[in-house]
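Written out below as structure tokens is the structure these notes cover.
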Amino acid sequence: MISTLRALERIQRIDLEIKAVEDEERRLVNTIQELSLEIKAGAVALAVVEADSEALKTQIKELGEKITESTERASKDEKRLNSVKNDRELNALTKEINGANKSKKLGEQEKNALQAKCDEKDALINAKLEALKTREEELKRLSAELEASRSGWKESIEAKLKSKDEIKSSVAPAILRKYELIRSKRNGVGLALVKDEICQGCFTHIPPQVYIMLKRGTDEELQSCPHCHRLLHVEENGQLEAV
Ligand SMILES: [Zn+2]
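Residue numbers (the working numbering): -9 to 233.
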């Protein structure tokens, strides 16, 4: 039979090992969830830019048709120039040609401006597609990693819980309950080491009389930290080592 404190030290070590495995799994699961959300948001943002680009392309196409129309009108009018009968007709025709040419020029300017905007959107679409692809590959990689690790983690935790169960019998149920209660409330640490009269669980000074009792290492009366209430133990305790 090992001493209560020695058993608690082992239990605490096992619990921290289990917590480390659980934390690793939780971290990976969280990363995967965050990545999935990023991918969803990325796809929505991509759809918005794609719709913008489509709208611009429709506008460009319509402008193109208007430009063709103006060009045709101007060239048709130019052909008619040879058959004008008087100055009045010439003036009217010239005015029409100028109007058609002006409308063509304005249309081309507007089309070029829209095309530049559209090119920007298309570059953005490509960048977003690339980013999405990278994230999707990363998600695939991490999901495979999670899948591959899960059974190993589960086995490891089960083995650790089994060794914890074996040691549990060395600790009185009331003390074990106290340890488990503190552990659940104090970030997985129910038993804290005291170094130079400082509790390593909360890093506050413990009273000298508590430290003396700890050094004496009496198993009957376990010491608690007055600040964080964790059960306490000290390193290199001669009495403990001898048990
Ligand atoms: Zn403390």
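Glycine included, each C-beta is placed from N, C-alpha and C at the ideal position.
Practice item. Using 7 Å as the cut-off, classify the Cβ of H217 as near or not near the heavy atoms of ligand 1, replying yes or no. Key: Taking the sequence shown and counting its residues from 1, the one referred to as residue 217 is at position 227. Yes, Cβ of H217 sits closer than 7 Å to a heavy atom of ligand 1.
Exercise for review: Would you decide whether A31 is buried or exposed? Buried here means 16 or more other CB atoms lie within 10 Å of its CB.
Suggested key: Taking the first residue of the sequence shown as 1, we reach residue 31 at position 41. Classification of A31: exposed, given that the 10 Å Cβ count is below 16.
Review point. Nearest-angstrom Cα distance between D186 and R17?
Key: To locate residue 186, count along the sequence shown from 1; it is residue 196. To locate residue 17, count along the sequence shown from 1; it is residue 27. Roughly 34 Å separates the two Cα atoms.
Point to revise | Terminal residues of the alpha helix (DSSP H) in which L46 lies | key: For the purposes of this step, residue 46 is identified with residue 56 of the sequence shown, where counting begins at 1. L46 -> alpha helix (DSSP H) spans T(-6) to R70.
**Study point:** Own chain residues within Cβ distance below 6 Å of G228, not counting five before or after
**Key:** In the sequence shown, the residue the question calls residue 228 occupies position 238. Because the pLDDT of G228 is 46, which lies under 50, any placement of that residue in the model is unreliable, and the question is left without a value.
**Study point:** For Y169 and T(-6), the rounded distance between their alpha carbons
**Key:** As a working mapping, residue -6 is identified with position 4 in the sequence shown. As a working mapping, residue 169 is identified with position 179 in the sequence shown. Going from the Cα of T(-6) to the Cα of Y169 covers about 11 Å.
Check your understanding: Should the stretch 96 to 103 be regarded as contacting the stretch 64 to 72, the criterion being three or more beta carbon pairs within less than 8 Å?
Key -> no
Exercise for review: Name the residue from N81, E86, K47 and A41 whose alpha carbon lies nearest to the alpha carbon of T61.
Suggested key: Start at 1 with the first residue of the sequence shown, and residue 61 comes out as number 71. Taking only the C-alpha atoms, the option nearest T61 is E86.
Review point. Along the chain, where does the beta strand (DSSP E) that runs through L221 open and close?
Key: As a working note, residue 221 is residue 231 in the sequence shown. Residues L221 to V224.
**Study point:** A90 versus V34 - alpha carbon distance
**Key:** Start at 1 with the first residue of the sequence shown, and residue 90 comes out as number 100. Start at 1 with the first residue of the sequence shown, and residue 34 comes out as number 44. Going by the C-alpha atoms only, they are around 43 Å apart.
Review point. Would you call the stretch 175 to 192 and the stretch 212 to 223 in contact, with 3 or more CB pairs under 8 Å?
Key: yes
Practice item. Could you name the residues of the same chain whose beta carbon sits closer than 6 Å to that of E211, not counting the 5 residues immediately before and after it, in chain order? Key: In the sequence shown, the residue the question calls residue 211 occupies position 221. Result list for E211: empty, nothing under 6 Å.
**Study point:** 8 Å Cβ cutoff met for I8 and K150
**Key:** Within the sequence shown, residue 8 is the residue found at index 18, counting from 1. Within the sequence shown, residue 150 is the residue found at index 160, counting from 1. Their beta carbons are under 8 Å apart, which means I8 touches K150 by this criterion.
Check your understanding: Is the closest heavy atom of ligand 1 to the C-beta of G180 under 7 Å?
Key -> Stepping through the sequence shown from its first residue, residue 180 is reached at position 190. Outside the cutoff, so no.
Check your understanding: Using 8 Å as the Cβ pair cut-off and three pairs as the minimum, do the stretch 38 to 55 and the stretch 172 to 185 touch?
Key -> no
**Study point:** Backbone CA spacing between N88 and A64 [nearest angstrom]
**Key:** Stepping through the sequence shown from its first residue, residue 88 is reached at position 98. Stepping through the sequence shown from its first residue, residue 64 is reached at position 74. If I take the Cα positions, the gap works out to 8 Å.
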